[in-house]
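K.L.:
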Amino acid sequence: MIFSQTPNYKPLTPATLVAMLSLILPTYNESKNLPELLPELEEVLRDIPHEIIIVDDDSPDETWRVAQELGHDRDDVHVIRRVGRRGLSSAVIEGFLSAKGEVLAVMDADGQHDMSILPKLYSSAQSGNGIAIGSRYVAGGSVGEWDERRHFMSRVATSLALKVCKVKVQDPMSGFFAVRKNLFQSIANNLNPKGFKILLDLLVCVPRSTEVEEIPFTFSTRLHGESKLSRRVQIEFLEYLYDVTIGRYIPLTFLKYCIVGGLGVFVHLATYITASSFLQEGDELSLFGFRVAVLIAIEVAIIFNFYVNNVWTFALSRLKGVAMLIGFGKYNIACVFGAVANYAVSSYLFSLGWLDIAAVVIGAFTGVVWNYTMSRFFAWKT
Ligand code: GDD
Ligand code: MN
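Under numbering that gives the first Met the number 0, the letters of the sequence shown match residues 0 to 381, in that order.
Encoded structure:
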C-alpha cells in the first residue's frame, strides 16, 4: 500500500521515464558493502536513465578506492573522494550539486534501505511531487529490528523535528528520499551542512506548498560495519534544531559565550576562595593578600574562558599551537579593561570593610558589565 499526501499521484509510465536519476551514495567505511550493493542497484535501475555518485570522505578503509575499481568499467558510476572533510549532510549536498539528473536521490550505502522502492521514489519525485520519502513510519513501513533505546530516541527526535518542518510528514529523519533537482537548487543556499539531517533540512527550507509523498519500506540491518550516528551527530541534531528556531535571533555561539561567561564567574569565585585561604595570616586577610588573590582569580577565569570558548563555543574555528598562544594573548588584551574594573571595584569594596566574597562577586559582575558595555559602545555601536 502506498500512503500518499497528494491526491494526484501518477504511477510510473513510459512517458515519465525520461528524466535522469542521480543517486547519491554517501560513504564512510563502507568498502565491504559497496561490492554487494552496486550489482543489485544495476538491476533495480535497469529501466531508468541514471548515474550513481559515491561521495566518500576519504574513508580509512579506502572505500573510495573500492568504489573507483567497481566503477572502472561503468559509465554510470562516479566517485567523489573528499579530503579533510566529514559529514553525511555535506556529502549529500555536494553529491546533489554535482549531479546531472533532474531527479536526485540518496540512499545509505550499507544495505539498510530497501532499494526496490527506488523506482517508486523516482517516479513520484518526477511526476509532480517535489519530494518522495522512503518512510518507516507510514502504513506498510517499519523500523525493523531496533532496541527500545533507539526506538525511543527516534520517536523523540522525530517529534522535535516535526515542530520545525514546513511540510509535515511521518518520517522527516529518513536518510532515503528523492527530490526534484529544481526544488533542491532553489534552496541549496539555505541548507545547513551540519550533521545527518539533510531531509529534515530540506523540509525546513522548502515552500509550504511542496508536495511530499511517503513510500513505505522496512529498515533492515546493516550488511557490514557499524553505524556512524554517534553522540556527536546527536548533539549536532540538537544544535541544528536550535539554529533553525531561536538561533535565527540569538546565534548559538553567542549563547555559548554567555554560558561560558557565567561559568567563568564561578571559576573566578572558586579560585579566589582557594587562593585567599593560602594568603591569609591566621583568620586575617590583608588588603594586599586580597588583591593578590583577586588577580590570581581574574587570570584563572580568563584562562578558563579562553580554553572553553576555544574548544566549545568556537570549536569550528578552534585555534591550535602557536595560533592558540597568539589568540590567548589577544584575548588577554581584550579582557584588560574588564579585569581592571573588576580589580578596582572589588579592592575598593574590600577596603571599605565589605565581606570579601561579596566584594569578589560584585567585582566580577562589574567586569562582565564593563566588557559588555565597552563592546556595545565600540564594536556594535547602534
Ligand atoms: N561521506 C560521508 N561522510 N558519508 C557518511 C558519513 C560522513 O561523515 N557518515 C555516514 N555516512 C554514510 C554511511 O557510510 C552510510 O552509507 C550512510 O551515510 C548512513 O550512515 P549510517 O552510519 O549507516 O547511519 P544510520 O544507519 O545509523 O542512520 C540512518 O538512519 C537515520 C534515521 O534513523 C541514516 O539513514 C540516517 O540518514 C537517518 O537519519
Ligand atoms: Mn545505515
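Note that CB positions come from ideal geometry on N, CA and C, so glycine has one too.
Keep in mind the model is a prediction, meaning the values are calculated, not measured.
Is there at least one non-hydrogen atom of the ligand GDD closer than 7 Å to the beta-carbon of A392?
P.N.:
What the structure shows of the chain is the stretch from 0 to 381, and residue 392 is not part of that stretch, so it cannot be assessed.
K.L.:
Label I53 either buried or exposed according to how many other C-beta atoms from any shown protein chain fall within 10 Å of its C-beta, with 16 as the threshold for buried.
P.N.:
In the sequence shown, the residue the question calls residue 53 occupies position 54. By the 10 Å Cβ count, I53 comes out buried.
K.L.:
Classify A14 as helix, strand or coil using the three-state DSSP reduction.
P.N.:
Numbered from its first residue, the sequence shown carries residue 14 at position 15. Residue confidence for A14 is low, a pLDDT of 49 falling below 50, so the modelled location carries little weight; the figure read from the coordinates is stated next. Here A14 sits in helix by DSSP.
K.L.:
Taking the alpha-carbon positions, what's the L315 to A340 distance?
P.N.:
As a working note, residue 315 is residue 316 in the sequence shown. As a working note, residue 340 is residue 341 in the sequence shown. The straight-line gap from Cα to Cα measures roughly 32 Å.
K.L.:
Which one of E238, K162, G174 has the shortest CA to CA distance from R135?
P.N.:
The count along the sequence shown starts at 1 and reaches residue 135 at position 136. Of E238, K162, G174, the residue nearest in Cα terms is G174.
K.L.:
When you compare each of V137, C204, V359 to Y347 by their alpha carbons, which one comes out closest?
P.N.:
In the sequence shown, counting from the first residue as 1, residue 347 sits at position 348. Ranking V137, C204, V359 by Cα distance to Y347 puts V359 first.
K.L.:
Leaving out five residues on either side along the sequence, give the residues of the same chain with a beta carbon under 8 Å from the beta carbon of L268.
P.N.:
Locating residue 268 in the sequence shown gives position 269, counting from the first residue. Within the same chain, L268 has close Cβ partners A296, I356, V359, V360, A363.
K.L.:
For the beta strand (DSSP E) that G77 lies in, which residues bound it at each end?
P.N.:
Sequence index remark: in the sequence shown, residue 77 carries index 78 (1-based). Contrary to the premise, residue 77 reads as His rather than Gly in this sequence. Per DSSP, H77 belongs to the beta strand (DSSP E) from 76-80.
K.L.:
Ignore the nearest five residues each way along the sequence and tell me which others in L199's own chain have a CB closer than 8 Å to its CB.
P.N.:
In the sequence shown, counting from the first residue as 1, residue 199 sits at position 200. If we look at L199 and ignore the five residues flanking it on each side, its Cβ neighbours are A160, V163, C164, P171, M172, Y239.
K.L.:
Might you give, ordered along the chain, the residues of its own chain that have their beta carbon closer than 7 Å to the beta carbon of R317, omitting 5 neighbours on each side?
P.N.:
Translated into positions along the sequence shown, residue 317 becomes position 318. Closer than 7 Å at the Cβ level, and outside the excluded window around R317, lie N309, V310.
K.L.:
Under three-state DSSP, which class holds H49?
P.N.:
By 1-based counting over the sequence shown, the position of residue 49 is 50. The answer is strand: DSSP assigns H49 an E or B state.
K.L.:
Who sits around the ligand GDD, taking every residue whose Cβ is closer than 6 Å to one of its heavy atoms?
P.N.:
Ordered along the chain, the selected set is P25, T26, Y27, E29, V54, D55, D56, R85, G86, L87, A90, D107, A108, D109, Q111, S153, M172, G174, F195, S226, K227, L228.
K.L.:
Roughly how many whole angstroms lie between the Cα atoms of F2 and G263?
P.N.:
Taking the first residue of the sequence shown as position 1, residue 2 is located at position 3. Taking the first residue of the sequence shown as position 1, residue 263 is located at position 264. Since pLDDT at F2 reaches only 49, below the 50 mark, its modelled position is unreliable, and the value read off the structure follows with that caveat. The straight-line gap from Cα to Cα measures roughly 53 Å.
K.L.:
Closer than 7 Å: is that where the CB of R221 sits relative to any heavy atom of the ligand MN?
P.N.:
To locate residue 221, count along the sequence shown from 1; it is residue 222. Yes, since a heavy atom of the ligand MN falls inside the 7 Å radius drawn around the Cβ of R221.
K.L.:
If V76 and A177 are in contact, beta carbons under 8 Å, what's the gap, nearest whole angstrom?
P.N.:
Translated into the one-based positions of the sequence shown, residue 76 becomes position 77. Translated into the one-based positions of the sequence shown, residue 177 becomes position 178. Their Cβ separation, rounded to whole angstroms, is 19 Å, which puts V76 and A177 out of contact at 8 Å.
K.L.:
Looking at the structure shown, is I249 part of a helix, part of a strand, or coil, going by DSSP?
P.N.:
Locating residue 249 in the sequence shown gives position 250, counting from the first residue. The answer is coil: DSSP assigns I249 none of H, G, I, E or B.
K.L.:
In the DSSP output, which residue or residues are listed as bridge partners for T26?
P.N.:
Counted from its first residue, the sequence shown places residue 26 at position 27. T26 is bridged to D55.
K.L.:
Have a look at R230, L286, A104, F218 and flag the residue whose alpha-carbon is nearest the alpha-carbon of S123.
P.N.:
As a position in the sequence shown, residue 123 is number 124, starting the count at 1. S123 has its Cα closest to that of A104, out of R230, L286, A104, F218.
K.L.:
Residue ranges of each alpha helix (DSSP H) run of no fewer than 4 residues wholly in the stretch 195-267, ordered along the chain?
P.N.:
For the stretch 195-267, whole alpha helix (DSSP H) runs of length 4 or above, ordered along the chain, are 197-204, 230-242.
K.L.:
For E42, count neighbouring Cβ atoms within 10 angstroms of its own Cβ and tell me buried if that reaches 16, exposed if not.
P.N.:
The residue labelled residue 42 in the question sits at position 43 within the sequence shown. Flag for E42 reads exposed.
K.L.:
Keeping to the same chain, check which residues put their C-beta closer than 8 Å to that of L69; ignore five residues upstream and five downstream.
P.N.:
Position 70 of the sequence shown, counting from 1, holds the residue named residue 69. Counting only Cβ-Cβ distances below 8 Å, and skipping sequence neighbours, we find L33, P34, L37, V76.
K.L.:
Does DSSP put G139 in a helix, a strand or coil?
P.N.:
Position 140 of the sequence shown, counting from 1, holds the residue named residue 139. DSSP places G139 in coil when its eight states are reduced to three.
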